[in-house]
Amino acid sequence: MQNADTDDVADQACEVSGANHVAIIMDGNGRWATQRGKPRLFGHRAGAKRVREIVESCPDFGVKYLTIFAFSTENWKRTQAEVAGLMMLFRRYITRETQALHEKNVRVRFIGDRVKLDKKLQSLMDHLEDLTKDNTAVNLTIAINYGGRDEVARAIRDIARDVKTGNLDAEKVNEETLSSYLDTTVLPDPDLVIRTSGEARISNFLLWQSAYAEYEFIDTLWPDFTRDVFAEVLQRFDGRDRRFGAVKT
Ligand code: FPP
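Mapping of the sequence shown onto this note's numbering: position 237 corresponds to residue 217, and the numbering continues sequentially without gaps.
In structure tokens form, the structure reads like this:
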């Protein structure tokens, strides 16, 4: 149950939010679990539960695109137990949430290099993307084994290949060309990137795409990131003056 005050915050954000694409670095699961004397995976499970609430709030807030960072190309450096636990969580999350996401008219996409992921997870991802491909309420993109530098390197490799085979003129390669070779080719650039848990870094997330994004670094740990916290962040975003390098006249 929400109280009247928090409902007000959510309603105002609903009226005013101009953030078409919000990207979130969901940080702080480990600390959230440690604060409760629990293993890190307990925090990741709580974090996974939070995803549904935030996805479902997007249509109310006018957010058409939500991109969430679930696993980075650097996260393989974690202990084998944590990596295995996260991979199991992704498989379970997709299995359990597929129907609900589809019923809520959510279109799901994945970005990142899938080759290193296990075959079962890859097939669940493919199935979810295919099932939801005609949905229109929210575009949810989940980044798994994603790194901004890795994405640009893969794109450049593909560009070089196409130049070599004569399918692309090297002299015509420009910013739009590179954008079109990225995993995010069909997505608009993010308007707002949120990182939870008090850390103020971007950790290789959407490096190219966030050139003109606004950033919000907030102290809340991801498992505590409620719809109301989201509404407050969106309200602050709406108060910002975005000039994209130009001068307002
Ligand atoms: C960062 O917190 C979080 C991750 C590396 C994993 C993100 C995964 C989830 C939120 C759950 C699963 C998501 C989906 C879509 C199923 P951390 O472990 O670095 O926290 P810490 O900085 O407190 O240690």
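All C-beta atoms in this analysis are idealised placements derived from N, C-alpha and C, irrespective of residue type, glycine included. From a predicted model like this one, the values you see are computed outputs, not experimental measurements.
Going by Cα to Cα distance, which pick from Ala191, Gln215, Pro203 and Glu196 is closest to Gly225? The residue you call residue 225 lines up with position 245 of the sequence shown. If we check each option's Cα against that of Gly225, Ala191 comes out closest.
Go to Glu196, then tell me how far its beta strand (DSSP E) extends in each direction, as first and last residue. Start at 1 with the first residue of the sequence shown, and residue 196 comes out as number 216. Counting along the chain, the beta strand (DSSP E) containing Glu196 begins and ends at Glu194 to Phe197.
Using 7 Å as the cut-off, classify the Cβ of Ser159 as near or not near the heavy atoms of ligand 1, replying yes or no. On the sequence shown, position 179 is the one that residue 159 refers to. No, since every heavy atom of ligand 1 falls outside the 7 Å radius drawn around the Cβ of Ser159.
Local conformation of Phe90 per DSSP, three classes: For the purposes of this step, residue 90 is taken as residue 110 along the sequence shown, with counting starting at 1. Strand at Phe90.
Nearest-angstrom Cα separation, counted from Tyr126 out to Tyr73: Taking the first residue of the sequence shown as 1, we reach residue 73 at position 93. Taking the first residue of the sequence shown as 1, we reach residue 126 at position 146. Taking the straight line joining both Cα atoms gives about 18 Å.
Where Ala(-7) falls: helix, strand or coil (DSSP): Locating residue -7 in the sequence shown gives position 13, where the first residue counts as 1. With a pLDDT of 47 at Ala(-7), under the threshold of 50, the predicted position of this residue should be treated as unreliable, and no value is reported.
I want to check one thing, is the minimum distance from the CB of Ala117 to the heavy atoms of ligand 1 below 7 Å? Position 137 of the sequence shown, counted from the first residue, corresponds to residue 117. False, no ligand heavy atom lies under 7 Å from that Cβ.
What do you reckon, is the C-beta of Val31 under 7 Å from a heavy atom of ligand 1? The count along the sequence shown starts at 1 and reaches residue 31 at position 51. Under cutoff, so the answer is yes.
State buried or exposed for His107, treating a residue as buried only when at least 16 other CB atoms are found within 10 Å of its CB. By 1-based counting over the sequence shown, the position of residue 107 is 127. Exposed, since its Cβ has fewer than 16 Cβ neighbours within 10 Å.
With a CB to CB cut of under 6 Å and the five nearest residues on each side skipped, what residues in its chain are close to Tyr161? Locating residue 161 in the sequence shown gives position 181, counting from the first residue. Here the set comprises Ala135, Asp138 and Ile139.
Could you compute how far the alpha carbon of Gln215 sits from the alpha carbon of Asp142? Residue 215 sits at position 235 when you count from the first residue of the sequence shown. Residue 142 sits at position 162 when you count from the first residue of the sequence shown. Roughly 44 Å separates the two Cα atoms.
Note down the Cα distance separating Asp163 from Gly8, rounded to an integer number of angstroms. The count along the sequence shown starts at 1 and reaches residue 163 at position 183. The count along the sequence shown starts at 1 and reaches residue 8 at position 28. Roughly 26 Å separates the two Cα atoms.
Which same chain residues end up closer than 7 Å to Ala117 when comparing Cβ atoms and leaving out the 5 residues on each side of it in sequence? Numbered from 1 along the sequence shown, position 137 holds the residue referred to as residue 117. These residues qualify, in order along the chain: Pro39, Lys84, Asn85 and Val86.
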